[in-house]
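A short worksheet on the structure shown next.
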DNA sequence: GCGACAG
DNA sequence: ATCTTGTCGC
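In this note's numbering, the protein residues as written are 1450 to 1671.
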């Protein structure tokens, strides 16, 4: 991660610069995507001055986790809606540095371009690594949408300021839908297709679900 | 001014 | 995110 902003105003200025580097579109071939990465963060205690992160590499063919790396660090930036990346990316990037696999696409908990300045944590993450990334959020940050049909695979567009910034996707029958948006170097259609391909048995795609399970366990025993 | 607001 | 008990369903 680069230098942390000193305040929200500085953070927003930085986002307006970094957003120019985000690429949306088909830089990858979905059929050749085998290794999908997932990252997640957990906080220690309630003072929440320490946080840990995990980066996992999930193999789509075997359905197994090939690699996982942990990191722990002090959390400096406060949680402010729209500025999540400044709080969580420092630890996340630290975990990614220990990785040895070549990940094809990354999935991150949170928004991609479905963000007030089109630079949610997943997009910011993708730009820092200059690798394809997808935002997988469990709830809405911005935008509006119609009700999503109840069956798995159905979706409705998520609109914000006159543009479609993501899809609200039902990954299982009768479960809360997920907010999917492109991060970096992927199209919205590819993002949705990949998330569905990784949702084998649960609401969350395996890479993100595995990362969450592992980092929770790590935080609990550390 | 008031409400909304990823993790 | 984190703090928590019971409960519904496969």
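We put the CB at the ideal spot given by N, CA and C, even for glycine.
All of these numbers come straight from a predicted model, not from anything done at the bench.
Give the single residue among the options whose Cα lies nearest to the Cα of residue i.
| i | options | result |
| --- | --- | --- |
| residue 1527 | 1504, 1542, 1454, 1611 | 1454 |
| residue 1582 | 1568, 1530, 1548 | 1568 |
| residue 1469 | 1643, 1633, 1670 | 1633 |
| residue 1475 | 1662, 1664, 1642, 1656 | 1642 |
| residue 1467 | 1532, 1627, 1663, 1636 | 1532 |
| residue 1663 | 1646, 1479, 1464, 1490 | 1490 |
| residue 1534 | 1572, 1549, 1550 | 1572 |
| residue 1501 | 1540, 1482, 1486, 1495 | 1540 |
| residue 1669 | 1486, 1499, 1457 | 1499 |
| residue 1520 | 1577, 1640, 1537, 1462 | 1537 |
Using the rule of at least 16 other Cβ atoms within 10 Å of the residue's Cβ for burial, across every protein chain shown, is residue i buried or exposed?
| i | result |
| --- | --- |
| residue 1544 | buried |
| residue 1651 | exposed |
| residue 1570 | buried |
| residue 1558 | buried |
| residue 1473 | buried |
| residue 1595 | exposed |
| residue 1480 | exposed |
| residue 1452 | exposed |
With H, G and I counted as helix, E and B as strand and the rest as coil, what does DSSP make of residue i?
| i | result |
| --- | --- |
| residue 1630 | strand |
| residue 1563 | coil |
| residue 1659 | helix |
| residue 1452 | coil |
| residue 1683 | A query on residue 1683 cannot be resolved here, the shown segment of the chain reaching from 1450 to 1671 and no further. |
| residue 1487 | strand |
| residue 1461 | helix |
| residue 1575 | helix |
| residue 1671 | coil |
| residue 1648 | coil |
| residue 1541 | helix |
Could you give the first and the last residue of the continuous beta strand (DSSP E) run that contains residue i?
| i | result |
| --- | --- |
| residue 1582 | 1582 to 1586 |
- Message: Any contact between the stretch 1612 to 1620 and the stretch 1642 to 1659? By contact I mean 3 or more CB pairs, one from each, below 8 Å.
- Response: yes
- Query: Just checking, does the stretch 1580 to 1597 make contact with the stretch 1511 to 1521 on the three C-beta pairs under 8 Å criterion?
  - Reply: At 8 Å Cβ cutoff, the stretches do not touch.
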